[in-house]
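Student: In this text, residue positions in the first sequence follow the numbering used here: the first is 1347, and each later residue adds one. Built from N, CA and C at the ideal position, the CB exists for glycine as well. Following this message is one structure expressed as structure tokens.
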Amino acid sequence: MADDKEQRYDPATIEQKWQERWAADPRLYAAEPATSNKPKYYVLEMLPYPSGQLHMGHVRNYAIGDALARQMWMRGYNVLHPMGWDAFGLPAENAALKNNMPPREWTLGNIAAMKRQMLRLGLGYDWATEVTTCLPEYYRWNQWFFLRMYEKGLVYRKKSKVNWCPECATVLANEQVVDGCCWRHEDTQVEQRDLEQWFLRITSYAEELLQGLETLEGWPEKVRTMQRNWIGRSEGTEVDFFLAPDDIVGGTTEEPVIVTPPPDAKRIRVFTTRVDTIFGATSLQLAPEHPLVAFFTSVDGALKNQVGTLLDEQKKARESGDLGAIEKHGIPTGKDAINPYNGERIPIWVANYVLMDYGTGAIMSVPAHDERDFEFAKKYAIPIRQVIKPVHDETGAEHLPFISEDGVLINSGEYDGLKCVDAQRQLQEAAARSAFGEGKVIFRLKDWGVSRQRYWGTPIPFIHCERDGMVPVPDDQLPVLLPEKIEITQQGGSPLGRVPSFVNTTCPKCGGPARRETDTMDTFVDSSWYFYRYTDARDTKAPFDSATVQYWFPIDQYIGGVEHAILHLIYSRFWTKVMRDLGMVKNDEPARRLFTQGMVIKDGAKMSKSKGNVVSPDDMVARYGADATRMYALFAAPPDRDLDWQEDGVAGVSRFLARVWRLVTKHAPQARSSAPEARSSAVEDDALKGHDFSRADRGSQPAGALAPEGSLSGPSLKLLRKLHQTIAKITLDFEGRWHFNTCVAAIMELVNELQDADAQLTAGEIPAPVMRELLQTLILLLAPFAPFLAAELWDDLGGEGSVLRAPWPKSDPELAKEDEIEIPVQINGKLISVVRVAAGSDAKTIEAAALADEKVRARTAGKNVVKVIVVPGRTVNLVVK
RNA sequence: GCGGAAGUGGUGAAAUGGCAAACACACUAGCCUUAGGAGCUAGCGCCGAAAGGCUUGCGGGUUCAAGUCCCGCCUUCCGCACCA
1347 MADDKEQRYD
1357 PATIEQKWQE
1367 RWAADPRLYA
1377 AEPATSNKPK
1387 YYVLEMLPYP
1397 SGQLHMGHVR
1407 NYAIGDALAR
1417 QMWMRGYNVL
1427 HPMGWDAFGL
1437 PAENAALKNN
1447 MPPREWTLGN
1457 IAAMKRQMLR
1467 LGLGYDWATE
1477 VTTCLPEYYR
1487 WNQWFFLRMY
1497 EKGLVYRKKS
1507 KVNWCPECAT
1517 VLANEQVVDG
1527 CCWRHEDTQV
1537 EQRDLEQWFL
1547 RITSYAEELL
1557 QGLETLEGWP
1567 EKVRTMQRNW
1577 IGRSEGTEVD
1587 FFLAPDDIVG
1597 GTTEEPVIVT
1607 PPPDAKRIRV
1617 FTTRVDTIFG
1627 ATSLQLAPEH
1637 PLVAFFTSVD
1647 GALKNQVGTL
1657 LDEQKKARES
1667 GDLGAIEKHG
1677 IPTGKDAINP
1687 YNGERIPIWV
1697 ANYVLMDYGT
1707 GAIMSVPAHD
1717 ERDFEFAKKY
1727 AIPIRQVIKP
1737 VHDETGAEHL
1747 PFISEDGVLI
1757 NSGEYDGLKC
1767 VDAQRQLQEA
1777 AARSAFGEGK
1787 VIFRLKDWGV
1797 SRQRYWGTPI
1807 PFIHCERDGM
1817 VPVPDDQLPV
1827 LLPEKIEITQ
1837 QGGSPLGRVP
1847 SFVNTTCPKC
1857 GGPARRETDT
1867 MDTFVDSSWY
1877 FYRYTDARDT
1887 KAPFDSATVQ
1897 YWFPIDQYIG
1907 GVEHAILHLI
1917 YSRFWTKVMR
1927 DLGMVKNDEP
1937 ARRLFTQGMV
1947 IKDGAKMSKS
1957 KGNVVSPDDM
1967 VARYGADATR
1977 MYALFAAPPD
1987 RDLDWQEDGV
1997 AGVSRFLARV
2007 WRLVTKHAPQ
2017 ARSSAPEARS
2027 SAVEDDALKG
2037 HDFSRADRGS
2047 QPAGALAPEG
2057 SLSGPSLKLL
2067 RKLHQTIAKI
2077 TLDFEGRWHF
2087 NTCVAAIMEL
2097 VNELQDADAQ
2107 LTAGEIPAPV
2117 MRELLQTLIL
2127 LLAPFAPFLA
2137 AELWDDLGGE
2147 GSVLRAPWPK
2157 SDPELAKEDE
2167 IEIPVQINGK
2177 LISVVRVAAG
2187 SDAKTIEAAA
2197 LADEKVRART
2207 AGKNVVKVIV
2217 VPGRTVNLVV
2227 K
């Protein structure tokens, strides 16, 4: 090697060259219009927040999506593979504060930086459809949707609790609350304040969002379960208990005070999933925030203090995030409620474990048949009355609480003897007949609070008018532009409120002076529909063109982190259903298949600045190249599992790529010497066109044609066999299993085998067309994983056109077939020997070979072979006594 | 507490119920050299000198055959969590 320097794999040079070429050809990764006669494939990776730096999690996510997109292109699909920026959000405001830089400038700068990183990584995105959510061209459609939802009755306002820092005098996002204190004022307790907030009525779709999960077979079970739990459907009964009449007289002093009860005070509605246990209810528990409690405390100072303490405690627990950890306790109110089924008086308590925002904020307490009620009753010596008798009572001893529904009613009057389920139905019917209750389905899912008292988000398109109240901004006045020259401070509420030119406006109805809404939208709004926008990203008349969306949707494969399993993925599904009901789309669900990749960790822990274990993609790319970095991200673990980043591993992949480079460049001249093969430029997926893209009808003349199989030497056949086995393995893996780690391993095996045959290759024992077939196909298999190197070597081999659009190879089963295989022989299930037989041998032949084996004969001598199990092609097992 | 996933060499991992540890990393020994983050050869689960034996968190079971299927535990990670 006279010129070693020239001979070394140099990713930096190769990758720069191809990056420039690809950048000069924007159509390379562009999707074809809906009129394309190719089948469509929409592969989508979750769009990043433009923090300014890609992290390894991004690299992994995009390496997976890019490999898939590239393989689908090679298989002849019309692929949509877009990218965008989830560009609104708090960090831009924090950066503005810290660096005195406008959020827009900061954000756009970050986008430019991250886009450079993506290009450097060689990710194949169609940048013509890039979506940036903080630009008015995009967010105006958030406002437009908001108004459509308002018209549909899906938008409303109500008072709701927000985090408020008294020092900052502003609202804090949940992430800004650290251990119950403000993130900027570590000693300042965050308060819960009631403010008017905007809500989207996602609960109207609760049932459908739940049902829809059943159709999402291409989603991970984990995600579906998480969503199911989040929606939290419960079937039960609502029952009105009555406030005992004499207790309407309030006060506990000798001088009773007569007060007028609020109209709803007479009935106390509880929700229960176990109405069959209602005869066992021995107390009634109210949430501290229950309106009736306020009524009780208004006339009872002592009770008021006690409830106050309870509330404080609860608030603290909520702020520190461990609401479940506080001890259960309660306060007797001294009042009684009447069980409508039997007229029994039971005491009313206020309990800290009853939640106002679930069910009705009131429960009946049945200690005999509920774990928590049992604990509570024991603590306060409340009677425990058993009303369900277990059907299967193996122990004989009846230990309470008995939670199961596998029982019959006792101590329940006319309902005695009924099975739990039957009793539930009958009791429910009785309640409905007497109008003190009804069957009810409730959900844990709550309406989506979308307003944020922050600056860097989509302005909510409403106007407050003294005369007309809340007035929607008319469509022709959209977008409501976010003012850009604005001083961001942490003081005095929403920053928008201090921009007079923004706030002061006129009422669209009466023309009088009015004020703009200063709340902005949750950034989850932006990400709920961005993937529709990609299909028609520059539309100025509508969010998108419905016909185009109909062509592309649903997304064929969505790929992202499992951390979005709930919020983003429920909101997106909700948004899709709303758009469907607005007649804009036809699909019920946004994505047919979802893949959640594992985290990238280092030294067993999630990468984080505080742990100091962050690996920068830029470093990796600079040291080993984009191909090696990406390929390692796919090789080190199956994509759905956590990946432990080991730099030695990246170096290993880099060495592997160098081996490929040496192998191919060394033998390229020989491979090139064969006549160029006529590769079809019309790329079609064989499965879809019934077009068999096999060696024969490809019109090419590799192995089979140019050198009839019989005339091929052993090494050629052996290598071609390995090649075709590798094609089969990788093709299959792309179709569903996605174990790209074993795909890369299979390519390594192939390369190892080629390398082992280096002597034959060099000696010219492999005919040039076979050599060409071997090396070109190797490069095709490599292309989805290491596109830069593939492009470079494809050129070197004299490959036609771009490797990125070359047809995906097809495995020839005949060539892939082994002619001799090894069959393990077991005796009584234990491995004893291995015999070689011709591939495809029948059971008899294999059995004979096994019985003839020396080791086997030694073991069976003088013994009885009771049974012989032969699994052709697999194994032989002799049962010997 | 409820739900989900996972437990295999020194490490990352592989294995449609059919030879456990493919492919890599690390390590060891040797070779080569224009000394490179290079290349080549060999070794590398455990016990044993070897023959051979043992080995997929633990305990049972199904099966000719179990890392894989079933039952019961244990551990770890993730999500939800006072949900009535």
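Can you check which of these residues, Pro2115, Arg1771, Pro1854, is closest to His1810 by C-alpha distance?
Tutor: For the purposes of this step, residue 1810 is identified with residue 464 of the first sequence, where counting begins at 1. Per the Cα distances, Pro1854.
Student: So, are the CB atoms of Leu2143 and Leu2121 less than 8 Å apart?
Tutor: Numbered from 1 along the first sequence, position 797 holds the residue referred to as residue 2143. Numbered from 1 along the first sequence, position 775 holds the residue referred to as residue 2121. Yes. Within cutoff.
Student: What are the start and end residues of the beta strand (DSSP E) that includes Val1425?
Tutor: Taking the first residue of the first sequence as 1, we reach residue 1425 at position 79. Start and end: 1424-1426.
Student: Between which two residues does the alpha helix (DSSP H) carrying Leu1414 extend?
Tutor: Position 68 of the first sequence holds residue 1414. In the DSSP annotation of this structure, the continuous segment of the alpha helix (DSSP H) that includes Leu1414 starts and ends at 1402-1420.
Student: What is the C-beta distance between Gln1557 and Lys1507, in whole angstroms, given that I count them as a contact (C-beta under 8 Å)?
Tutor: Residue mapping note: residue 1557 aligns to position 211 of the first sequence, counting from 1. Residue mapping note: residue 1507 aligns to position 161 of the first sequence, counting from 1. That pair is no contact at about 31 Å.
Student: Using DSSP with H/G/I as helix, E/B as strand and the rest coil, what is Val1817?
Tutor: As a working note, residue 1817 is residue 471 in the first sequence. Reduced to three states, the DSSP call for Val1817 is strand.
Student: Among Ala1893, Pro2218, Ala2207, which one has its Cα closest to the Cα of Lys1292?
Tutor: The shown model of the chain, from 1347 to 2227, leaves out residue 1292, and the question about it has no answer.
Student: Between the C-alpha atoms of Trp2154 and Val1895, what's the straight-line distance to the nearest angstrom?
Tutor: Reading the first sequence from its first residue, position 808 is the one you call residue 2154. Reading the first sequence from its first residue, position 549 is the one you call residue 1895. Computed Cα separation, rounded: 28 Å.
Student: Just verifying my parser: in three-state terms, what is the DSSP assignment at Ala1438?
Tutor: Translated into positions along the first sequence, residue 1438 becomes position 92. Residue state, collapsed to three classes: helix.
Student: Where DSSP assigns a beta bridge to Gln1943, which residues make up the other side?
Tutor: Sequence index remark: in the first sequence, residue 1943 carries index 597 (1-based). Per DSSP, Gly1907.
Student: Below 8 Å, can you find three or more Cβ-Cβ pairs linking the region 1407-1424 to the region 1463-1470?
Tutor: yes
Student: Specify the secondary structure class of Gln1362 as computed by DSSP and reduced to three states.
Tutor: Mapped onto the first sequence, residue 1362 falls at position 16. Three-state DSSP puts Gln1362 in a helix.
Student: Taking just the CA atoms, how far does Leu1465 sit from Gln1365?
Tutor: The residue given as residue 1365 occupies position 19 in the first sequence. The residue given as residue 1465 occupies position 119 in the first sequence. Rounded to whole angstroms, Gln1365 to Leu1465 spans 7 Å at the Cα level.
Student: Does the distance from the C-beta atom of Thr2077 to that of Leu2096 stay below 8 Å?
Tutor: Position 731 of the first sequence, counting from 1, holds the residue named residue 2077. Position 750 of the first sequence, counting from 1, holds the residue named residue 2096. No, the pair does not count as a contact, with Cβ atoms beyond the cut-off.
Student: Pull up the distance between the alpha-carbon of Ile2169 and that of Val2183, whole angstroms please.
Tutor: On the first sequence, position 823 is the one that residue 2169 refers to. On the first sequence, position 837 is the one that residue 2183 refers to. Each residue's alpha carbon lies about 7 Å from the other.
Student: What is the DSSP secondary structure of Leu1393, reduced to helix, strand or coil?
Tutor: For the purposes of this step, residue 1393 is taken as residue 47 along the first sequence, with counting starting at 1. If DSSP states are grouped into helix, strand and coil, Leu1393 belongs with coil.
Student: Identify, in the order they occur along the chain, each residue of the same chain with its Cβ nearer than 6 Å to the Cβ of Gln1631, setting aside the five sequence neighbours on each side.
Tutor: Here residue 1631 corresponds to residue number 285 of the first sequence, with the count starting at 1. The answer, listed in chain order, is Trp1695, Ala1697, Val1700, Ile1709, Ser1711.
Student: Tell whether a beta-carbon distance below 8 Å holds between Phe2131 and Met1977.
Tutor: Locating residue 2131 in the first sequence gives position 785, counting from the first residue. Locating residue 1977 in the first sequence gives position 631, counting from the first residue. Yes, these two residues count as a Cβ contact at 8 Å.
Student: If Pro1825 sits next to Arg1486, beta carbons under 8 Å apart, how far is it from one beta carbon to the other, in whole angstroms?
Tutor: Start at 1 with the first residue of the first sequence, and residue 1825 comes out as number 479. Start at 1 with the first residue of the first sequence, and residue 1486 comes out as number 140. Right, the Cβ-Cβ distance comes to about 3 Å (below 8 Å), so this counts as a contact.
Student: Quick check on DSSP: helix, strand or coil for Pro1678?
Tutor: What you label residue 1678 is simply residue 332 of the first sequence in a count that begins at 1. Of the three classes helix, strand and coil, the one that applies to Pro1678 here is strand, per DSSP.
Student: Quick one: is the Cβ of Glu1532 within less than 7 Å of any heavy atom of the ligand PLP?
Tutor: Among the components of this structure there are no ligands whatsoever, and the ligand PLP is therefore not found.
Student: Note the first and the last residue of the continuous beta strand (DSSP E) segment covering Ile2215.
Tutor: The residue you call residue 2215 lines up with position 869 of the first sequence. Start and end: 2211-2217.
Student: Counting only the same chain and skipping the five closest in sequence on each side, list residues whose C-beta sits under 6 Å from that of Asp2079.
Tutor: Here residue 2079 refers to the residue found at position 733 when the first sequence is read from its first residue. For Asp2079, where only same-chain residues beyond five positions count, the Cβ hits under 6 Å are His2085, Cys2089.
Student: Applying the 10 Å Cβ sphere with the 16-neighbour rule, what's the burial state of His1715?
Tutor: Working through the first sequence from its first residue, we reach residue 1715 at position 369. It counts as buried.
Student: In whole angstroms, what separates the C-alpha of Val1733 from that of Thr1549?
Tutor: As a working note, residue 1733 is residue 387 in the first sequence. As a working note, residue 1549 is residue 203 in the first sequence. In a straight line, the C-alpha of Val1733 is about 35 Å away from that of Thr1549.
Student: With a cut-off of 8 Å on the beta carbons, I'd call Met1429 and Glu1476 a contact; round off their distance for me.
Tutor: The residue you call residue 1429 lines up with position 83 of the first sequence. The residue you call residue 1476 lines up with position 130 of the first sequence. Their Cβ separation, rounded to whole angstroms, is 6 Å, which keeps Met1429 and Glu1476 in contact under 8 Å.
Student: If you compare alpha carbons, which of Ile1834, Asp1703, Glu1751, Asp1868 is closest to Arg1790?
Tutor: Within the first sequence, residue 1790 is the residue found at index 444, counting from 1. It is Asp1703 whose Cα lies nearest to the Cα of Arg1790.
Student: Helix, strand or coil for Trp1794 per DSSP?
Tutor: As a first step, residue 1794 must be located in the first sequence, where it is residue number 448. Trp1794: strand per DSSP, three-state reduction.
Student: Less than 8 Å between the CB atoms is what I'm expecting for Thr1479 and Asp1432, so what's the real figure, rounded?
Tutor: Counted from its first residue, the first sequence places residue 1479 at position 133. Counted from its first residue, the first sequence places residue 1432 at position 86. The pair is a contact, with the Cβ atoms about 6 Å apart (cut-off 8 Å).
Student: Just to confirm before moving on: does the CB-CB distance between Ile1692 and Ala1683 stay below 8 Å?
Tutor: Position 346 of the first sequence, counted from the first residue, corresponds to residue 1692. Position 337 of the first sequence, counted from the first residue, corresponds to residue 1683. Their beta carbons are under 8 Å apart, which means Ile1692 touches Ala1683 by this criterion.
Student: Which word fits Asp1540, buried or exposed, when buried means at least 16 other C-beta atoms lie within 10 angstroms of its C-beta?
Tutor: Looking up residue 1540 in the first sequence gives position 194. Residue environment analysis places Asp1540 among the exposed positions, since fewer than 16 neighbouring C-beta atoms fall within 10 angstroms of its C-beta.
Student: Is Ala1951 helix, strand or coil when you go by DSSP?
Tutor: On the first sequence, residue 1951 is found 605 positions in, with the first residue counted as 1. Strand.
Student: When the Cα of Asn1383 is compared with those of Asp1356, Tyr1423, Ala1376, which residue comes out closest?
Tutor: Mapped onto the first sequence, residue 1383 falls at position 37. Minimum Cα distance to Asn1383 is reached at Tyr1423.
Student: Would you kindly work out how many angstroms separate the C-alpha atoms of Val1845 and Glu1542, rounded to a whole number?
Tutor: Here residue 1845 refers to the residue found at position 499 of the first sequence. Here residue 1542 refers to the residue found at position 196 of the first sequence. Those two C-alpha atoms are separated by around 20 Å.
Student: Which residues share a DSSP beta bridge with Leu1867?
Tutor: Counting from 1 along the first sequence, the entry for residue 1867 is found at position 521. Here the sequence assigns Met to residue 1867, which means Leu is not the residue at that position. In the DSSP output, where bridge partners are listed per residue, Met1867 has Ser1797.
Student: Under 8 Å: do the region 1576-1583 and the region 1610-1624 share three or more Cβ pairs, one atom per stretch?
Tutor: yes
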